[in-house]
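Residue numbers (the numbering used here): 2 to 259. Cβ atoms here follow ideal geometry from the backbone N, Cα and C, with glycine treated the same way. All figures in this text were calculated on a predicted structure; none of them were measured in a lab. Heads up: the structure comes next, in structure tokens.
Written as structure tokens, this is what we have:
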């Protein structure tokens, strides 16, 4: 799946950089869209490598360590998907498609996918708790920790509020910076995830995050996904929906006859 999504991001990036598409975009839009898709491509490639290493684990002997690494890989994959869909939303917004579809894509990229990513990270935390219960000889029941569920709901609400008109008016001042730093944050987070997952893969097969460390990881995941979501929300705050095709060349004015 990660390889397929990486191919999709690469294809979209090639379409943007194709010589024939230069007449329908401005340099500022090209930089914003291409950087977002590039960050998605890099993050998806890193995630593909991480999952390939995880697939090579001996699940019987190292299920605890695999459950721990799964959390890191899941967070990196979630960030990659958020960046990829944000790139698609930018393409739809600037291509002059149906405003309703462009708005739906923006809501999905800013609110839905970050919240879903947090939900799946919380599900990974449930696997860790199930492994902890198995080590204690207790029934192995995978249930999402209350903290993970609460952070998922809070993240979705915060990102939804960020798309309201009043908040967008405030965030418009940071649009240019967020358009650059959001993809960079995704790339940096993917690199850190690769380093951490690689180090954890060499640890004891019974490695398992402590309850406090698991709570800290969930909080950091929510903060990271929230920061990326808010940056992507701010990056589109300068252009109202009525100006979806503002980057395309305008028709020359026809002089009136007197």
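Taking C-alpha atoms, which residue in the options lies nearest to residue i?
i           : options            : result
residue 80  : 143, 238, 185      : 185
residue 160 : 182, 71, 183, 234  : 234
residue 87  : 150, 181, 221      : 181
residue 230 : 68, 53, 83         : 83
residue 197 : 37, 43, 34, 70     : 70
residue 222 : 151, 104, 134      : 151
residue 216 : 193, 169, 146      : 146
residue 78  : 167, 232, 193, 148 : 193
residue 117 : 39, 164, 155, 99   : 155
residue 124 : 134, 104, 149      : 149
residue 165 : 104, 178, 204      : 104
residue 168 : 232, 203, 134, 204 : 232
residue 172 : 228, 203, 134, 204 : 228
Taking its Cβ as the centre, do 16 or more other Cβ atoms sit within 10 Å of residue i, making it buried, or is it exposed?
i           : result
residue 126 : buried
residue 144 : exposed
residue 183 : buried
residue 101 : exposed
residue 136 : exposed
residue 139 : exposed
residue 115 : buried
residue 195 : buried
residue 153 : buried
residue 24  : At residue 24, the pLDDT of 43 sits below 50, so the modelled position is not reliable; the number obtained from the coordinates is stated separately. Exposed is the call here.
residue 28  : Model confidence at residue 28 stands at a pLDDT of 42, short of 50, so the residue's coordinates are unreliable and nothing is read from them.
residue 74  : buried
residue 162 : exposed
residue 30  : Model confidence at residue 30 stands at a pLDDT of 45, short of 50, so the residue's coordinates are unreliable and nothing is read from them.
residue 112 : buried
residue 65  : buried
residue 214 : exposed
residue 224 : exposed
residue 37  : buried
residue 158 : exposed
residue 189 : exposed
residue 34  : buried
residue 242 : Below a pLDDT of 50, predicted positions are generally treated as unreliable, and residue 242, at 40, falls in that range; no measurement from the model is reported.
residue 253 : Any reading at residue 253 is ruled out, since the residue's pLDDT is 49, under 50, leaving its predicted position unreliable.
residue 245 : Note on residue 245: pLDDT 33, under 50, position unreliable in the model; the coordinate value appears next. Buried.
Inspect the beta-carbon positions of residue i and residue j and report whether they are closer than 9 Å.
i           : j           : result
residue 201 : residue 76  : no
residue 129 : residue 51  : no
residue 47  : residue 191 : yes
residue 54  : residue 199 : yes
residue 219 : residue 89  : no
residue 41  : residue 85  : yes
residue 277 : residue 237 : For residue 277 there is no data in the structure shown, the boundaries of the chain being 2 and 259.
residue 68  : residue 132 : yes
residue 96  : residue 187 : no
residue 94  : residue 106 : yes
Can you tell me the Cβ-Cβ gap for residue i and residue j, rounded? I've got them flagged as a contact below 8 Å.
i          : j           : result
residue 63 : residue 212 : The Cβ separation is near 21 Å, so there is no contact.
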